[in-house]
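Participant:
In our numbering, the protein residues as written are 4 to 214.
#1: Mind checking which residues open and close the alpha helix (DSSP H) that includes residue 107?
#2: Comparing C-alpha positions only, which one of 170, 161, 156, 40 sits nearest to residue 143?
#3: With a CB to CB cut of under 8 Å and the five nearest residues on each side skipped, what residues in its chain are close to residue 97?
#4: Taking C-beta to C-beta, are residue 211 and residue 47 nearer than 7 Å?
#5: With a threshold of 16 other CB atoms inside 10 Å of the CB of residue 159, please say whether the residue is buried or exposed.
#6: So, at 7 Å on beta carbons, what are the nonlocal neighbours of residue 93 in its own chain, with the 5 sequence-adjacent residues on each side left out?
#7: Count the other C-beta atoms from every protein chain shown that fall within 10 angstroms of the C-beta of residue 52, then say buried if there are 16 or more, exposed otherwise.
#8: What three-state label does DSSP hand residue 153 in the structure shown?
#9: Look at the alpha carbon of residue 172 and the alpha carbon of residue 179, and state the distance between them as a whole number of angstroms.
#10: For residue 81, list the residues DSSP reports as bridge partners.
#11: Under DSSP, the beta strand (DSSP E) around residue 39 begins and ends at which residues?
#12: How big is the Cα-Cα spacing for residue 88 and residue 149?
#13: Are residue 81 and residue 192 touching if we call contact CB-CB under 7 Å?
#14: With C-beta atoms as the reference, is residue 75 less than 7 Å away from residue 197?
#15: By Cβ distance, which residues of its chain are closer than 6 Å to residue 130, with the 5 residues on each side in sequence left out?
#16: Out of curiosity, what's the CA-to-CA distance linking residue 99 and residue 72?
#17: So the beta strand (DSSP E) residue 179 belongs to, where does it begin and stop?
#18: Work out the CA separation of residue 213 and residue 62 for me, nearest whole Å.
#19: Runs of 3 residues minimum, wholly inside the region 39-75: which ones carry the beta strand (DSSP E) assignment?
#20: Can you tell me where the beta strand (DSSP E) with residue 94 in it begins and where it stops?
#21: Give the range of the beta strand (DSSP E) segment to which residue 124 is assigned.
#22: Span of the beta strand (DSSP E) holding residue 202?
#23: Which whole-angstrom value is the C-beta distance of residue 199 and residue 139, which I expect to be below 8 Å?
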């Protein structure tokens, strides 16, 4: 059997779409993953996996695990692979945040504002369905998938923390005004029970929003 597959989605809330922009030249290059930005007109920017620095990117990357019968019987957690090719940061000097994109997904988010009357922060969230499902209607709880985080050389590798999907909406991080945060996510399938044969699919959606 081949469980499970899920697709993290680049998605910005409709209320934020008109505000999306990115001005890389306004920020000094730095090897850090919680970066201060110059103030600008109010906007949010979000990328998950393959991203584009100066515009929208409709790519939906896939994270997968293919298990043998022996692995299923062993019941040990399995690392998941990714079809992302994004290894370098979209900010600053393009530092290599995800050195192994075939097993990692880069997540980055920024919020900018230019006066104190605007909201002080933006919120990064992820929403997952209750289950992954195969063609026969069999299911695997989405809580079987978790992720670890890393950012080589960073003093704040967990600026977006590790966690486990809960089949609902989870708050991942608060992004202060005029700040960009980024790290690398590696996904794990818990493999804690035997499942019916098949390919299981599910899709998660990341959003960044400011009131």
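Ideal Cβ placement from N, Cα and C applies to all residues, glycine included. Bear in mind that the values here come from a model prediction, so they are computed numbers and not experimental data.
Facilitator: This is what the structure holds:
#1: The count along the chain shown starts at 1 and reaches residue 107 at position 104. Residue 107 -> no alpha helix (DSSP H), and no H or E assigned at all.
#2: In the chain shown, residue 143 corresponds to position 140, counting from 1. With distances taken between Cα atoms, residue 143 lies closest to 170.
#3: Counted from its first residue, the chain shown places residue 97 at position 94. The answer, listed in chain order, is 91.
#4: On the chain shown, residue 211 is found 208 positions in, with the first residue counted as 1. On the chain shown, residue 47 is found 44 positions in, with the first residue counted as 1. Yes, the Cβ-Cβ distance between residue 211 and residue 47 is below 7 Å.
#5: What you label residue 159 is simply residue 156 of the chain shown in a count that begins at 1. Exposed, because fewer than 16 other Cβ atoms sit within 10 Å of the Cβ of residue 159.
#6: The sequence position of residue 93 within the chain shown is 90, counting from 1. The residues are 50, 54, 56, 111.
#7: Sequence index remark: in the chain shown, residue 52 carries index 49 (1-based). Buried.
#8: Within the chain shown, the letter at position 150 stands for residue 153. Residue 153: strand per DSSP, three-state reduction.
#9: On the chain shown, position 169 is the one that residue 172 refers to. On the chain shown, position 176 is the one that residue 179 refers to. Spanning the two alpha carbons is a distance of roughly 20 Å.
#10: Counted from its first residue, the chain shown places residue 81 at position 78. 192, per the DSSP bridge assignment.
#11: The sequence position of residue 39 within the chain shown is 36, counting from 1. Per DSSP, residue 39 belongs to the beta strand (DSSP E) from 37-39.
#12: For this step, residue 88 is matched to residue 85 along the chain shown. For this step, residue 149 is matched to residue 146 along the chain shown. Using only the alpha carbons, I get a separation of about 21 Å.
#13: Numbered from 1 along the chain shown, position 78 holds the residue referred to as residue 81. Numbered from 1 along the chain shown, position 189 holds the residue referred to as residue 192. Cβ atoms of residue 81 and residue 192: closer than 7 Å.
#14: Translated into the one-based positions of the chain shown, residue 75 becomes position 72. Translated into the one-based positions of the chain shown, residue 197 becomes position 194. Going by C-beta atoms, residue 75 is nearer than 7 Å to residue 197.
#15: On the chain shown, position 127 is the one that residue 130 refers to. So the qualifying residues of the chain are 172, 208.
#16: Translated into positions along the chain shown, residue 99 becomes position 96. Translated into positions along the chain shown, residue 72 becomes position 69. Whole-angstrom Cα-Cα distance: 36 Å.
#17: The residue labelled residue 179 in the question sits at position 176 within the chain shown. That run of the beta strand (DSSP E) goes 172-179.
#18: By one-based count along the chain shown, residue 62 stands at place 59. By one-based count along the chain shown, residue 213 stands at place 210. Residue 62 and residue 213: Cα-Cα distance of roughly 23 Å.
#19: 46-51
#20: Here the question's residue 94 lines up with position 91 in the chain shown. Where residue 94 is concerned, there is no enclosing beta strand (DSSP E), given that its DSSP letter is neither H nor E.
#21: Position 121 of the chain shown, counted from the start, is the residue given in the question as residue 124. Note, residue 124: beta strand (DSSP E), 124-130.
#22: The sequence position of residue 202 within the chain shown is 199, counting from 1. Taken as a continuous stretch (DSSP letters only), the beta strand (DSSP E) holding residue 202 covers 202-212.
#23: As a first step, residue 199 must be located in the chain shown, where it is residue number 196. As a first step, residue 139 must be located in the chain shown, where it is residue number 136. Contact holds; Cβ gap of about 7 Å.
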